[in-house]
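Numbering (our numbering), first residue to last: 12 to 268.
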């Protein structure tokens, strides 16, 4: 099976939001209304069932170097990660969420029953239930365009090639070379997020080149599937139950004496 995906180079993003517009236009997603957030230049704020691409403007403080510009922006075009081990797909009780022939995690709207189990199962907070249509919705990686041999609308619209689409192995090779080039230029903070990381979600099919910690971009430092929390929660519950049992036993013993 051919594995296709995204490589997003945040160092090339200019925050134009052309990807957001192209995604909404091609997928015929409704507008979310205009709300002045006061959060830098970002008024869409997050991914949702009707916003499948979101460009974040992260205000980033830097030491005063005499330039008079103590703040710059880290811009990041976020999207569904199409994880190797997708929590949403594992949680779906109807088999509505599948991996298609391009390796993308795809929600089949005609099978989804709107139960919402997939929503808390995504460690990135990507997938969401659309109350207007009653089913879960997220990025399809432009499945319809891929079937026609075309790249996704967001990558097509990106004017700086910040969003790159293609064969995952080729993208990872290109991304590692890009990190090497940036390091040679003195940008030693550059690294890849979602490649060769030891996490339960596995490699991401939509990975990124970042310049700061993941949390700065509102990404989890170490994404985990929900089942990773089962054992620690069970152990904590067992300890609490044992403590309460012991306390109760001692209390009853004290009353008998």
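The C-beta atom is built at its ideal place from N, Cα and C for all residues, glycine as well.
Who are the near neighbours of residue 208 in its chain, counting only those whose CB is closer than 7 angstroms to its CB and skipping five residues on each side?
-> none
Entirely enclosed alpha helix (DSSP H) segments - the segment 50-97, minimum 4 residues | none
Count the other C-beta atoms from every protein chain shown that fall within 10 angstroms of the C-beta of residue 138, then say buried if there are 16 or more, exposed otherwise.
-> buried
Rounded to whole angstroms, how far is the Cβ of residue 132 from the Cβ of residue 107, which I believe are closer than 8 angstroms?
-> With a Cβ gap of about 13 angstroms, residue 132 and residue 107 do not count as contacting.
Is residue 242 buried or exposed, if buried means 16 or more other CB atoms sit within 10 Å of its CB?
-> Here the model assigns residue 242 a pLDDT of 47, short of 50, so the residue's position is not dependable, and the following value carries that caveat. Residue 242 should be labelled exposed.
Is residue 45 buried or exposed, if buried means 16 or more other CB atoms sit within 10 Å of its CB?
-> exposed
Roughly how many angstroms separate the alpha carbons of residue 257 and residue 123, rounded to a whole number?
-> 47 angstroms
Near residue 317, which residues of its chain fall below 8 angstroms by C-beta distance, leaving aside the five closest residues on each side in sequence?
-> This structure gives no information on residue 317, because the portion of the chain shown stretches from 12 to 268.
In this structure, what does DSSP give as the bridge partners for residue 110?
-> 116
Would the beta-carbon of residue 174 fall within 9 angstroms of that of residue 68?
-> no
Three-state secondary structure (DSSP) of residue 9 | As displayed, the chain neither begins before 12 nor continues past 268, which places residue 9 out of reach and without an answer.
Starting from the C-beta of residue 145, find all residues in its chain whose C-beta is less than 8 angstroms away, skip the five residues before and the five after it, and write them out in chain order.
-> 125
Could you tell me which of 38, 89, 70 sits nearest to residue 81, measuring between CA atoms?
-> 70
Spatially closest choice to residue 202 from 196, 219, 214, 212, by CA coordinates = 219
Which same chain residues, not among the five before or five after residue 157, have their C-beta less than 6 angstroms away from its C-beta?
-> 113
Please work out which residues of its chain come closer than 7 angstroms, Cβ to Cβ, to residue 189, disregarding the five sequence neighbours upstream and downstream, and give them in chain order.
-> 20, 220
Is the beta carbon of residue 148 sitting closer than 9 angstroms to the one on residue 95?
-> no
Name the residue from 63, 39, 210, 22 whose alpha carbon lies nearest to the alpha carbon of residue 30.
-> 63
Going by Cα to Cα distance, which pick from 119, 182, 42 is closest to residue 155?
-> 119
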